[in-house]
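Chemist:
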Amino acid sequence: MRHTVVSALAAVACAVSGAWAQSNTFISMPMLQGDPVPGLAGTNFGSATSVPAINASNNVAFWNRYNVTDGALFANSGAMHIVVKGNDPAPGGGLFAPVTGPAFTFSDTGFAAFVHSLNGGGTSLGIWSETGLGLNLMAYNHAAAPSSPPGTFILEGTQLLSCSNKGHLAFTCVSDATGTGHSYITLFTGKPGSLSQHARQDAPPSSTGFTSLSPVMQINGGGVACLAGSFISDAPHSGVLTGASGGLQVTAATEQDAPGTAGQPLPGVKFKSIGAYALNGSNAVAFLAALQGGGYNGEMALYVKDAGGVRQLFVANQQVPGEPGGTFWGTFNAPLYCDNGDIIIQANVFGPATNSSNQTGIWRYRANALSKICRGGQQVPDVPGATLGLSSSTAVAANAVGQIAFSGTFDLGGNVQALFGTDRSGNLVTVYKAPDKVTVRPGMIRSFSSFSNLNISGGNDGRQRSLNDAGYIACSASVNVPPGQPFGQNGKGILLFRIAARCPGDLNNDGAVDDADFIVFVFAYNTLDCADLAMPLGCPADLNGDGFVDDADFVIFVVGYNELVCP
282 MRHTVVSALA AVACAVSGAW AQSNTFISMP MLQGDPVPGL AGTNFGSATS VPAINASNNV
342 AFWNRYNVTD GALFANSGAM HIVVKGNDPA PGGGLFAPVT GPAFTFSDTG FAAFVHSLNG
402 GGTSLGIWSE TGLGLNLMAY NHAAAPSSPP GTFILEGTQL LSCSNKGHLA FTCVSDATGT
462 GHSYITLFTG KPGSLSQHAR QDAPPSSTGF TSLSPVMQIN GGGVACLAGS FISDAPHSGV
522 LTGASGGLQV TAATEQDAPG TAGQPLPGVK FKSIGAYALN GSNAVAFLAA LQGGGYNGEM
582 ALYVKDAGGV RQLFVANQQV PGEPGGTFWG TFNAPLYCDN GDIIIQANVF GPATNSSNQT
642 GIWRYRANAL SKICRGGQQV PDVPGATLGL SSSTAVAANA VGQIAFSGTF DLGGNVQALF
702 GTDRSGNLVT VYKAPDKVTV RPGMIRSFSS FSNLNISGGN DGRQRSLNDA GYIACSASVN
762 VPPGQPFGQN GKGILLFRIA ARCPGDLNND GAVDDADFIV FVFAYNTLDC ADLAMPLGCP
822 ADLNGDGFVD DADFVIFVVG YNELVCP
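In this note's numbering, each residue's number is its place in the sequence shown (first place is 1) plus 281.
1) Can residue 785 and residue 709 be called in contact, C-beta distance under 7 Å?
2) Expressed to the nearest angstrom, what Euclidean distance is found between the alpha-carbon atoms of residue 801 and residue 338?
3) Quick one: which unbroken beta strand (DSSP E) runs of 3-plus residues sit fully inside the segment 619 to 645? Chain order, please.
4) Which residue comes first and which comes last in the alpha helix (DSSP H) that contains residue 252?
5) Find the nearest neighbour of residue 688 within the set 705, 649 and 736, judged by alpha-carbon distance.
6) From residue 753 to residue 559, what distance separates their C-alpha atoms?
7) Report the CB separation of residue 574 from residue 551 in whole angstroms; it is logged as a contact under 8 Å.
8) Where does residue 349 land, buried or exposed, given buried means 16+ other C-beta within 10 angstroms?
9) Using three-state DSSP, classify residue 804 as helix, strand or coil.
10) Does the Cβ-Cβ distance between residue 756 and residue 683 come in under 7 Å?
11) Please report the distance separating the alpha-carbon of residue 419 from that of residue 474.
12) Could you give the uninterrupted runs of the beta strand (DSSP E) lying entirely in the segment 479 to 567, keeping only those of 3 residues or more?
13) Does the Cβ of residue 604 have 16 or more other Cβ atoms within 10 Å, making it buried, or fewer, making it exposed?
14) Under 7 Å, do residue 378 and residue 396 count as touching if we go by C-beta distance?
15) What separation, rounded to the nearest whole angstrom, lies between the Cα atoms of residue 634 and residue 608?
16) Report the partner residues of residue 338 according to the DSSP bridge assignment.
17) Please classify residue 679: does DSSP put it in a helix, a strand, or coil?
18) So the beta strand (DSSP E) residue 362 belongs to, where does it begin and stop?
19) Count the other CB atoms, across all protein chains shown, that sit within 10 Å of the CB of residue 846; report buried if there are 16 or more and exposed otherwise.
20) Using CA atoms only, rank isn't needed, just tell me which of 642, 660 and 665 is closest to residue 654.
21) Which whole runs of the alpha helix (DSSP H) in the segment 723 to 768 are 4 residues long or more, in chain order?
22) Based on Cα-Cα distance, which residue from 576, 528, 519 and 549 lies nearest to residue 557?
23) So residue 539 and residue 521 are supposed to be a Cβ contact under 8 Å. How far apart are they, rounded?
24) Would you be able to state if there are at least three C-beta pairs under 8 Å between the segment 758 to 777 and the segment 404 to 419?
25) For the 8 Å Cβ check, are there 3 or more pairs between the segment 791 to 799 and the segment 769 to 781?
26) For residue 648, count neighbouring Cβ atoms within 10 angstroms of its own Cβ and tell me buried if that reaches 16, exposed if not.
27) Helix or strand or just coil, what does DSSP make of residue 326?
28) Give the DSSP-derived three-state secondary structure of residue 302 in the structure shown.
29) Can you grab the Cα-Cα spacing for the pair residue 469 / residue 446, in whole Å?
30) With DSSP run on the structure shown, which of helix, strand or coil describes residue 650?
31) Using three-state DSSP, classify residue 704 as helix, strand or coil.
32) What are the residues that DSSP puts in a beta bridge with residue 714?
33) Which value, in whole angstroms, describes the spacing of the CA atoms of residue 599 and residue 760?
34) Rounding to the nearest angstrom, what Cα-Cα distance links residue 651 and residue 624 in this structure?
35) In angstroms, rounded to a whole number, what distance separates the CA positions of residue 320 and residue 363?
36) Rounded to whole angstroms, what is the Cα-Cα separation between residue 389 and residue 336?
So, in structure tokens, the structure goes:
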């Protein structure tokens with residue numbers, strides 16, 4: 282159902298005055314320790330829970346142990362429900378083994394997929410996915426595999442799984458070619474009911490002759506996969522492989538000539554080793570590589586391969602652009618690659634003005650320019666007197682539009698736990714700081730602490746997400762009863778936040794709230810429901826984060842409109 286802008290909005294606008302409004306950042310608490318487990322009368326959620334995954338509809342999936350021996354995979358797409366628990370009947374026969382934290386994925390389809398075994402252990406490992414009709418068996422150990430030549434799945438040990446936002450599953454395993462005495466490491470991809478061989482060891486059409494494929498892979502919404510592998514051309518090499526089904530090709534490999542910043546070969550310089558990589562929705566790849574020769578002796582460098590080819594961005598021991606002279610790149614964390622072209626770089630730096638409090642930073646590479654998002658020791662923009670704490674172990678999540686989020690601390694006369702993000706203009710904002718009080722449910726006021734690390738993903742790479750494209754963050758944390766509040770339910774919880782704009786109402790991110798933003802707002806107001814497919818991506822006009830663009834959002838918008846220029 283939609284509504285239409287009416288003259289009553291003008292009356293609201295006239296009645297609103299004062300300072301810039303702040304939209305809410307806490308959205309909901311899908312699960313709190315002690316809540317009843319759906320479908321299991323007399324059973325309650327426990328304290329052991331995983332980091333949740335989020336999808337585009339702000340649904341979450343997570344594992345929780347609800348008693349000493351039993352746990353389950355849960356999702357709240359549609360309504361909170363059990364995806365799988367121990368002793369449930371398994372499609373294909375048998376009963377599922379106890380669920381003690383399975384590898385799982387969660388896509389924008391609202392369906393979870395997972396790796397698990399059946400009671401009895403042994404060779405019963407399989408991969409299942411939710412569908413609208415229940416669970417679907419995707420692959421089972423020693424069952425027929427859609428491989429060429431025809432064979433069977435060999436799922437042994439720890440099986441890893443990736444899933445694109447659009448529901449493309451990806452995994453590698455051995456496929457045993459029936460009747461030939463041969464077995465091959467194979468990459469399989471597809472959706473429930475349409476799994477196929479994506480690439481196979483020693484198989485055409487690629488001429489590289491793969492000898493191994495990594496069990497860790499990424500896959501984007503277009504079904505393009507990216508993973509590490511080894512292969513033989515003129516000599517054994519290893520590197521990063523990227524491509525659609527049937528077309529996996531070498532992105533970068535050891536012993537290749539290493540290009541410079543303009544893509545030109547660097548005389549005498551080769552890739553010594555290939556490190557972490559990141560895929561985006563345009564099939565571009567960012568990767569780390571150690572350099573050897575031509576004056577290099579293993580220094581790590583950040584590279585990108587896109588439509589323009591392979592080129593170098595930054596190298597360890599070089600000056601960090603925009604930082605004080607004598608500040609050099611040290612170690613790089615794995616990059617993140619967003620669909621808007623941003624590459625998120627987390628790194629340690631060194632130099633005479635660097636110490637343990639300010640050696641870690643997060644930068645954004647966009648349109649051939651580097652900008653600093655934040656660095657340890659800097660002032661927290663929206664908390665006067667507070668300095669940011671960062672470390673190389675801080676887990677950073679990103680989304681397709683270049684926003685990031687992470688849990689961390691700041692110093693304000695002592696360490697304060699907090700959740701941070703960047704708005705769509707790239708500004709660092711504090712999403713939550715302990716021990717701020719929040720009304721989490723009607724009549725229930727709580728504070729949060731001990732935030733989990735977030736899932737590391739660029740938003741469209743097949744890894745579990747903690748941050749979706751609308752700026753919603755899913756995390757787990759301790760939920761506490763603040764002083765002065767009556768004692769009640771507390772413990773571990775699954776929380777949903779939204780990154781607030783520092784300038785609410787600036788819907789086109791031009792630094793002002795003006796008529797151009799009002800046009801965007803009116804369209805969203807007339808559309809009403811953020812779930813409506815006509816709503817702009819991310820529903821940016823939903824300024825209070827309740828899933829609708831209505832009068833409450835207009836009250837926030839008009840304050841910014843009256844002020845005009847963003848602070």
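Ideal Cβ positions, reconstructed from N, Cα and C, are used throughout, including at glycine.
Modeler: So, from the listed chains and residues:
1) Looking up residue 785 in the sequence shown gives position 504. Looking up residue 709 in the sequence shown gives position 428. No, these two residues do not count as a Cβ contact at 7 Å.
2) Here residue 801 corresponds to residue number 520 of the sequence shown, with the count starting at 1. Here residue 338 corresponds to residue number 57 of the sequence shown, with the count starting at 1. In a straight line, the C-alpha of residue 801 is about 21 Å away from that of residue 338.
3) With a minimum length of 3 residues, the unbroken runs of beta strand (DSSP E) contained wholly in the segment 619 to 645 fall at 624 to 631.
4) As displayed, the chain neither begins before 282 nor continues past 848, which places residue 252 out of reach and without an answer.
5) Against the sequence shown, residue 688 aligns to sequence position 407. Per the Cα distances, 736.
6) Position 472 of the sequence shown, counted from the first residue, corresponds to residue 753. Position 278 of the sequence shown, counted from the first residue, corresponds to residue 559. Roughly 22 Å separates the two Cα atoms.
7) Your numbering for residue 574 matches position 293 in the sequence shown. Your numbering for residue 551 matches position 270 in the sequence shown. A Cβ-Cβ separation of about 6 Å places residue 574 in contact with residue 551 under the 8 Å criterion.
8) Residue numbering aside, residue 349 sits at position 68 when the sequence shown is read from its first letter. Flag for residue 349 reads exposed.
9) Position 523 of the sequence shown holds residue 804. For residue 804, the three-state secondary structure derived from DSSP is helix.
10) To locate residue 756, count along the sequence shown from 1; it is residue 475. To locate residue 683, count along the sequence shown from 1; it is residue 402. No, these two residues do not count as a Cβ contact at 7 Å.
11) In the sequence shown, residue 419 corresponds to position 138, counting from 1. In the sequence shown, residue 474 corresponds to position 193, counting from 1. C-alpha separation (whole angstroms): 7 Å.
12) Qualifying beta strand (DSSP E) stretches, in chain order: 491 to 500, 506 to 513, 517 to 524, 530 to 534, 538 to 540 and 546 to 560.
13) Translated into the one-based positions of the sequence shown, residue 604 becomes position 323. Burial call: buried.
14) Position 97 of the sequence shown, counted from the first residue, corresponds to residue 378. Position 115 of the sequence shown, counted from the first residue, corresponds to residue 396. Taking 7 Å as the Cβ cut-off, residue 378 and residue 396 do not qualify as a contacting pair.
15) As a first step, residue 634 is located in the sequence shown; it is residue number 353 there, counting from the start. As a first step, residue 608 is located in the sequence shown; it is residue number 327 there, counting from the start. For residue 634 and residue 608, the distance between alpha carbons rounds to 7 Å.
16) Walking along the sequence shown from the start, residue 338 turns up at place 57. Residue 338 is not bridged by DSSP to any residue.
17) In the sequence shown, counting from the first residue as 1, residue 679 sits at position 398. Correct three-state label for residue 679: strand.
18) What you label residue 362 is simply residue 81 of the sequence shown in a count that begins at 1. 362 to 366 is the span of the beta strand (DSSP E), which, as asked, contains residue 362.
19) As a first step, residue 846 is located in the sequence shown; it is residue number 565 there, counting from the start. Around the CB of residue 846, fewer than 16 other CB atoms lie within 10 Å, so the residue is classed as exposed.
20) Residue numbering aside, residue 654 sits at position 373 when the sequence shown is read from its first letter. Ranking the options by Cα distance to residue 654, first place goes to 642.
21) You should have found no qualifying run.
22) Indexing the sequence shown from 1 puts residue 557 at position 276. Looking at the Cα atoms, 519 is the closest of the given residues.
23) In the sequence shown, the residue the question calls residue 539 occupies position 258. In the sequence shown, the residue the question calls residue 521 occupies position 240. Residue 539 to residue 521, Cβ: 14 Å. No contact.
24) Taking a cut-off of 8 Å on C-beta distances, the segment 404 to 419 does not touch the segment 758 to 777, as fewer than three cross pairs fall below it.
25) They do not touch, by the three-pair rule.
26) Position 367 of the sequence shown, counting from 1, holds the residue named residue 648. It counts as exposed.
27) Here residue 326 refers to the residue found at position 45 of the sequence shown. Per DSSP, reduced to three states, the secondary structure at residue 326 is coil, with no helix or strand assignment.
28) The residue given as residue 302 occupies position 21 in the sequence shown. Note that residue 302 scores 33 on pLDDT, short of 50, meaning its location in the model is unreliable; the coordinates nonetheless yield the value given after this. Residue state for residue 302 is assigned as coil, using DSSP reduced to three classes.
29) In the sequence shown, residue 469 corresponds to position 188, counting from 1. In the sequence shown, residue 446 corresponds to position 165, counting from 1. One C-alpha to the other measures close to 17 Å.
30) Mapped onto the sequence shown, residue 650 falls at position 369. DSSP places residue 650 in strand when its eight states are reduced to three.
31) Position 423 of the sequence shown, counted from the start, is the residue given in the question as residue 704. Three-state DSSP puts residue 704 in coil, outside helix and strand.
32) Position 433 of the sequence shown holds residue 714. Residue 714 is bridged to 699.
33) Residue 599 sits at position 318 when you count from the first residue of the sequence shown. Residue 760 sits at position 479 when you count from the first residue of the sequence shown. Whole-angstrom Cα-Cα distance: 44 Å.
34) As a working mapping, residue 651 is identified with position 370 in the sequence shown. As a working mapping, residue 624 is identified with position 343 in the sequence shown. Residue 651 and residue 624: Cα-Cα distance of roughly 9 Å.
35) Counting from one through the sequence shown, the residue named residue 320 turns up at place 39. Counting from one through the sequence shown, the residue named residue 363 turns up at place 82. Their backbone Cα atoms lie some 8 Å apart in a straight line.
36) Taking the first residue of the sequence shown as 1, we reach residue 389 at position 108. Taking the first residue of the sequence shown as 1, we reach residue 336 at position 55. Residue 389 and residue 336: Cα-Cα distance of roughly 5 Å.
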